[in-house]
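Only one structure is covered here, and it is reproduced in the block below.
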Amino acid sequence: MRRFLPLLALLISCSSAGSSGGAPPLGNGGSGGSTVVETGPLATGMAIGEVSINQGVKVKLYSAEEGDLADLNAPIVQGRDALLRVFFAPKADWQPHRVAVRVTLQNGGGEPTVLEIQGVPSGPSNDEDITTSANFDIPGTRLDGTLAVRVEMLDVEAGEGDTAGTTWPAEGERLFNEQSGNGAFQLKVIPIRYTAGGVDYEPDLSEDTLKGIRYDFLRQYPISAVDLSVGDTLTWAQQVNANGNGWQQLLNKIVSLRDSDPSPNVYYFGLVKPAASTASYCAGGCVAGLTYISKDSLDASLRSSIGLAFGDVQNGTMLHETGHAHRRTHAPCGPYGQLPDQIDPKFPHPKGSIGVWGYDLLDRTLRSPAEYTDFMGYCEQTWVSDYTF
Ligand SMILES: [Zn+2]
10 MRRFLPLLAL LISCSSAGSS GGAPPLGNGG SGGSTVVETG PLATGMAIGE VSINQGVKVK
70 LYSAEEGDLA DLNAPIVQGR DALLRVFFAP KADWQPHRVA VRVTLQNGGG EPTVLEIQGV
130 PSGPSNDEDI TTSANFDIPG TRLDGTLAVR VEMLDVEAGE GDTAGTTWPA EGERLFNEQS
190 GNGAFQLKVI PIRYTAGGVD YEPDLSEDTL KGIRYDFLRQ YPISAVDLSV GDTLTWAQQV
250 NANGNGWQQL LNKIVSLRDS DPSPNVYYFG LVKPAASTAS YCAGGCVAGL TYISKDSLDA
310 SLRSSIGLAF GDVQNGTMLH ETGHAHRRTH APCGPYGQLP DQIDPKFPHP KGSIGVWGYD
370 LLDRTLRSPA EYTDFMGYCE QTWVSDYTF
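To convert, note that position 38 of the sequence shown is 47 in the working numbering; the numbers rise steadily by one, no gaps.
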């Protein structure tokens, strides 16, 4: 027998994440070598304030106050592109002059690759302005489980002052200990042709729609790739009502399809369009998605979800419900997310915030923890938190 927690339904009280602004990076080290100060002296009057890596959520590796951080707030994922940010921390005697930030990458003891950015820092770096730090794109191929990194700040123009705190680590390199993402995330969409009550609606699964689904999972899930497939269309003549009636029957059908799939790691998602639009279906509130949550991580049949196939809510619902299929419960944000038995008691951030700065690897913009909440909650402006990642 399977043991179920109560059914969890995502109720619409929000729309998907809104548009975002953001400045392009000051510069980045690219993936090849660059002009290198051969034996530059360590920078004077300047120190490394912080080193972080961001594959969707900020993971702090070092700060001048806390030192080298061994217990990371989220995993570093193998095969996934990353942004490495190095913060400037001018000292009291800092005199503006040109410095270089040099990052040395070495995989498995092989030949090192040196990336370098030069400039005159205008002041201390901060989280919200990406142009204030030295930023390096680390291709996912470098994150193969063996990557060692060293960061140095060097004087390009002669300066005065002490050179403390200009290398990380203090000696040698830091191993990232990237964790395996277990290959591509496998997602199978089941299109549902909805014919109850004499209507005939099918989800839009155009190339653009499928690309949008792939990209949204890539942006926010700790994965290196998405293997998205589309199954046979399922015709469904039973009502699937906004108040929740009929949802469980449809989910059970998807679970039975999942059960007949010999590959345990494929997540099934039934997309249903039970009305012409979100406006007509959800005028009085509606269920947007449904997933069983199992306490048993090995119970593959519960890697099954359903959700509304309306463009304005579809992908956000897919991220949320597939989070349930990974046994995540709700982040504490929004009226429905506040139901006590559906809230994750371990969720660490107040009001369901993402907790740390997010970063969209595809459109290269930051996500503020003051504005964005975890997609496992029910608030607007969602992103992934370091807890869910
Ligand atoms: Zn939910």
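Don't be surprised by glycine CBs; every beta carbon is placed ideally from N, CA and C. Just so you know, these numbers come straight off a predicted model, no measurement behind them.
Original post:
What is the DSSP secondary structure of residue 39, counted as helix, strand or coil?
Top reply: Reliability of the predicted coordinates at residue 39 is poor, the pLDDT of 41 falling under 50, and no value is obtained from them.
Subject >> the region 205 to 217 / the region 107 to 114 touching (three or more Cβ pairs under 8 angstroms) >> reply: no
**OP:** Let me know the alpha helix (DSSP H) ranges lying completely inside the region 248 to 311, each 4 residues or longer, listed in chain order.
**Re:** 256 to 268 and 287 to 290
Subject >> is_contact[residue 363, chain B] using C-beta, thresh 8 angstroms >> reply: Of the protein chains in the structure, only one exists, and it is not chain B.
Original post:
Under the rule that 16 or more other beta-carbon atoms within 10 Å means buried, what is residue 184, buried or exposed?
Top reply: exposed
**OP:** Indicate whether the contact test is met: 3 or more Cβ pairs, each with one atom in the region 360 to 375 and one in the region 52 to 72, closer than 8 angstroms.
**Re:** yes
Original post:
How close, in whole Å, do the beta carbons of residue 197 and residue 277 come, if the pair is a contact with beta carbons under 8 angstroms?
Top reply: 5 angstroms
**OP:** Whole angstroms is fine: what's the gap from residue 212's alpha carbon to residue 234's?
**Re:** 24 angstroms
**OP:** Would you mind listing the beta strand (DSSP E) stretches within the region 336 to 391 that are 3+ residues and don't spill past its ends, in chain order?
**Re:** 367 to 369 and 374 to 376
Original post:
Which whole-angstrom value is the C-beta distance of residue 336 and residue 306, which I expect to be below 8 angstroms?
Top reply: 6 angstroms
Subject >> Spatial neighbours of residue 245 in its chain, beta-carbon cut-off 8 angstroms, leaving aside the 5 residues before and after >> reply: 201, 202, 203, 204, 205, 259, 262 and 281
Original post:
Any heavy atom of ligand 1 within a distance shorter than 7 angstroms of the CB on residue 339?
Top reply: yes
Original post:
Grouping DSSP H, G and I as helix and E and B as strand, with all else coil, what is residue 176?
Top reply: strand
**OP:** Report yes if the CB atom of residue 381 is closer than 8 angstroms to the CB atom of residue 390, and no otherwise.
**Re:** yes
Original post:
Sorry if obvious, but does the Cβ on residue 333 come closer than 7 angstroms to a heavy atom of ligand 1?
Top reply: yes
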